[in-house]
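When the letters of the sequence shown are read in order and numbered with the working numbering, they come out as residues 1 to 713.
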Amino acid sequence: MATETKTKKTNPKRATSKRKKNLVIVESPSKAKTIEKYLGTGYKVVASIGHIRDLPKSQMGVDTEHNYEPKYINIRGKGDIIKGLKKEAKSAKHVYLASDPDREGESIAWHLSHALDLDVDSDENRVVFNEITKDAVKDAFKHPRKLDMNLVDAQQARRILDRLVGYSISPLLWKKIKKGLSAGRVQSVALGLIIDRENEIQAFQPEEYWELPTTFKKSRKKFHAGFYGLDGKKVARIPDNEMVQKILARLDQKADFNITEVVKSEGKNNPSPAFTTSTLQQAANTQLNFQTRRTMSTAQQLYEGINLGGKNGTVGLITYMRTDSTRISSLAKNDASQFIHDEYGAEYAAKKPLNTKQQEGAQDAHEAVRPTSVFRTPASIKDKLTNDQFKLYQLIWSRFVASQMTPEIIDRVRVTIEQSGVMFRANGATTKFAGYTKAYPAAKAKDNVLPVMEVGDKVQLESLNPEQKFTQPKPRYTEAALVKALEEAGVGRPSTYAATIETVKSRGYVRMDAKKFIPTEIGKMVQAAVREYFPDVADLKFTAQIEHELDNVEVGDENWVKVVDEFYQPFKVELNKAEVDMDKMVVKDKLAGENCEICGAPMLERLGRYGKFYACSRFPDCRNTKTIVKEIGLTCPKCHQGQIIERKTKRGRTFYGCSRYPDCDFVSWDKPTEQTLADGTTPKAEDAKTKSKQKDPKSKTTKKRTSTVKTKK
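Written as structure tokens, this is what we have:
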């Protein structure tokens with residue numbers, strides 16, 4: 001009797017569950033969820049939560065005697081994450097490293113390779129994609145590559161240079177000036193720009209000049225003009241009132257003025273290219289009032305993915321936001337062209353691509369910042385986004401679409417008005433064709449419609465009001481202006497500007513006034529010390545040259561050890577000299593000239609992170625402190641007892657109020673003078689509690705403030 005062999009049936013689902021999966025490691029959990037959905041069941045995607053290894057915080061961590069060998073350690077608190085990654089990697093079919101597509105992302109992948117004992121030299125396990133969309137991610141996994149050690153070396157060189165500077169100068173500043181201070185390569189240059197601008201402002205000598213704004217009338221239609229010249233020649237500037245009177249003496253203001261020239265022309269305003277990191281930071285600051293850190297944080301969310309619900313699920317809405325390129329892929333251009341044809345019409349679609357010039361030193365590793373799908377309009381997904389996400393996405397989307405559209409066409413007219421050899425000019429402009437401003441209204445030119453005029457026509461003078469003015473210094477830096485200055489100088493990388501600005505703020509080296517940087521006393525002291533003893537660190541051109549050399553390391557033209565050594569050897573000499581020669585800058589406390597109202601001890605003037613303040617001399621037994629008020633030498637017009645002093649709102653805006661607040665609630669947005677108080681033309685006194693609650697002037701709910709309302713008596 002034959003033996004019957006029984007075949008054991010296997011459960012296909014159970015077999016699949018035992019099959020090894022490919023492991024993909026990214027930085028953030030939200031990014032991991034999106035990518036795992038795109039790749040399917042054969043992949044498991046986990047997050048490293050950023051870097052897992054770094055230089056130690058408690059010591060330099062760089063062996064300057066042996067080729068600047070870094071001493072990396074596992075970051076505190078990452079033990080469980082590393083343990084979990086090792087476990088997953090051990091049971092995985094293959095490990096892919098899909099951190100961000102830049103130097104820092106390459107560095108994270110390199111550290112992961114070492115922590116997980118992967119073969120750095122031969123494994124083709126590095127995957128990069130510029131946008132987190134299904135097609136882009138799947139295509140990237142078809143073309144894995146080896147780690148790019150040039151990128152790793154460039155990032156490592158930057159990290160080591162910053163560590164050498166920071167961990168060498170900072171302890172010296174603690175010893176010679178005050179504990180808690182720091183200095184850094186890009187940080188010192190940024191602070192230097194702010195201080196240099198402040199010095200220019202303080203040293204500026206204003207020069208008097210006059211303007212003659214006029215209003216003319218033709219057939220009851222009024223239009224504005226300005227003084228242009230005399231006897232057929234342009235006058236660049238009216239220097240004083242004496243010349244004003246000579247000009248006025250030549251005019252018969254009741255007689256007609258002649259139209260002597262009408263010049264008509266057509267002008268074009270071309271669209272700007274799609275955003276780079278830097279231009280995005282600048283536009284978000286000026287148009288949305290976003291600080292640089294807020295812009296980058298929101299852009300990161302849009303890049304990593306937003307849950308749009310339905311079939312779409314979580315989708316990356318923009319391409320990688322750390323880029324210095326304005327390049328656009330041909331696929332994105334084709335999609336944009338189709339969208340513009342359908343939405344606005346063929347006449348709005350650019351026939352030739354926008355000719356953009358790359359910034360010198362730009363790496364062009366990624367495309368410009370753009371929406372991953374132009375068909376995903378801001379309005380269509382507004383309900384899925386936070387307020388910040390919507391505003392920034394709308395800005396990025398609009399700028400990209402506009403970059404693929406035709407120019408705005410402007411009809412311009414220039415009219416010269418003359419009497420007795422005195423010439424005035426009026427300039428008109430009207431939009432003939434909106435072009436790209438259809439998608440990007442923020443860039444639209446303002447219309448100024450003039451009445452129809454021809455040579456030989458007569459017009460009448462409606463008003464002529466001479467105005468005395470004075471030249472103004474360059475304005476203080478805003479965040480947008482500082483970012484632009486750093487980029488133009490070739491200092492740092494736009495992706496690092498947010499951290500640099502936050503460091504300068506957090507150290508108390510600057511304070512913000514009306515969104516502009518003002519250096520503090522402690523900031524000036526630190527910068528003075530760095531400039532005197534470490535001139536290369538504070539030098540704009542030298543720091544830009546270092547950035548250029550790091551770029552050369554990235555493309556394999558420079559050895560990173562050589563770049564670091566050429567910086568460190570002369571820096572070491574400066575450091576040793578500074579240890580000996582730098583005098584201790586004692587921040588001495590001065591008597592304030594008044595006693596503490598709590599304990600009666602003398603008050604002292606002290607220097608803190610945000611400037612000078614009064615503190616009790618019995619500190620820490622008595623912790624009474626007072627802000628130092630700035631009197632302007634005028635008595636309050638409301639109570640006639642207190643002094644007018646300068647104050648600050650929580651937003652940093654300057655206003656003027658009575659020193660007897662809250663007993664007297666007089667306040668003024670404009671600085672009062674003896675003349676304005678005598679005329680009663682200062683802003684009305686308002687309840688101080690109400691004033692402190694007023695919203696930013698740009699808010700839609702803010703009431704307009706009038707600067708010429710009479711003070712209530």
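Glycine included, each C-beta is placed from N, C-alpha and C at the ideal position. Owing to the predicted nature of the structure, the values given are computational and were not obtained by experimental measurement.
Straight-line Cα distance separating residue j from residue i
i           : j           : result
residue 412 : residue 329 : 36 angstroms
residue 19  : residue 39  : 16 angstroms
residue 219 : residue 406 : 37 angstroms
residue 444 : residue 404 : 16 angstroms
residue 198 : residue 176 : 25 angstroms
residue 670 : residue 274 : 40 angstroms
residue 32  : residue 506 : 32 angstroms
residue 697 : residue 298 : Caution applies to residue 697, whose pLDDT of 37 falls short of 50 and renders its modelled position unreliable; the model cannot decide the point.
residue 663 : residue 639 : 9 angstroms
residue 554 : residue 103 : 8 angstroms
residue 366 : residue 101 : 8 angstroms
residue 725 : residue 508 : Residue 725 is absent from the model: the chain starts at 1 and stops at 713.
residue 344 : residue 438 : 8 angstroms
residue 37  : residue 620 : 58 angstroms
residue 208 : residue 239 : 6 angstroms
residue 35  : residue 332 : 21 angstroms
residue 490 : residue 448 : 39 angstroms
residue 181 : residue 623 : 23 angstroms
residue 290 : residue 416 : 43 angstroms
residue 310 : residue 395 : 25 angstroms
residue 128 : residue 56  : 29 angstroms
residue 288 : residue 442 : 11 angstroms
Residue i - DSSP class collapsed to helix/strand/coil
i           : result
residue 454 : coil
residue 524 : helix
residue 715 : Since the displayed the chain opens at 1 and closes at 713, residue 715 lies outside it and no answer follows.
residue 464 : strand
residue 515 : coil
residue 20  : coil
residue 383 : helix
residue 68  : coil
residue 296 : helix
residue 102 : coil
residue 407 : coil
residue 494 : helix
residue 400 : helix
residue 625 : strand
residue 644 : strand
residue 601 : coil
Residue range of the unbroken alpha helix (DSSP H) whose run includes residue i
i           : result
residue 166 : 149-176
residue 78  : From DSSP, residue 78 is part of no alpha helix (DSSP H); its letter is neither H nor E.
residue 243 : 241-249
residue 367 : Counting along the chain, residue 367 falls outside any alpha helix (DSSP H), and DSSP gives it neither H nor E.
residue 716 : Any question about residue 716 goes unanswered here, given that the chain covers just 1 to 713.
residue 215 : Where residue 215 is concerned, there is no enclosing alpha helix (DSSP H), although the beta strand (DSSP E) it sits in stretches over 214-218.
residue 185 : 185-203
Cβ-Cβ separation, residue j to residue i (assumed contact under 8 angstroms), whole Å
i           : j           : result
residue 319 : residue 372 : 6 angstroms
residue 164 : residue 656 : Actually they are not in contact, since the Cβ atoms of residue 164 and residue 656 sit about 48 angstroms apart, beyond 8 angstroms.
residue 339 : residue 375 : 6 angstroms
residue 440 : residue 398 : 5 angstroms
residue 486 : residue 115 : Actually they do not touch by this definition, with Cβ atoms about 34 angstroms apart.
residue 484 : residue 282 : 6 angstroms
residue 215 : residue 222 : 6 angstroms
residue 161 : residue 546 : 7 angstroms
residue 95  : residue 25  : 7 angstroms
Enclosing beta strand (DSSP E) for residue i [first to last residue]
i           : result
residue 210 : 208-211
residue 96  : 94-97
residue 224 : 221-230
residue 43  : 43-47
residue 265 : 257-269
residue 426 : 422-433
residue 38  : Run containing residue 38: none in the beta strand (DSSP E); it sits in the alpha helix (DSSP H), 29-39.
residue 631 : 630-635
residue 592 : 590-595
Practice item. Examine the Cβ distances between the stretch 460-477 and the stretch 425-435 and report whether three or more of them are shorter than 8 angstroms. Key: no
Exercise for review: Count the C-beta pairs between the stretch 241-254 and the stretch 472-481 that are closer than 8 angstroms, then say yes if the count reaches three, no if not.
Suggested key: no
Exercise for review: Count the C-beta pairs between the stretch 179-198 and the stretch 384-398 that are closer than 8 angstroms, then say yes if the count reaches three, no if not.
Suggested key: no
Exercise for review: Spell out a yes or no on whether the stretch 71-87 and the stretch 102-110 are touching, meaning 3 or more CB-CB pairs, one atom from each, closer than 8 angstroms.
Suggested key: no
Practice item. Answer yes if the stretch 144-152 comes into contact with the stretch 44-53, meaning at least three C-beta pairs across the two stretches below 8 angstroms, and no otherwise. Key: no
Practice item. Flag this pair as touching only if the stretch 570-585 and the stretch 222-232 have three or more C-beta atom pairs under 8 angstroms; answer yes or no. Key: no
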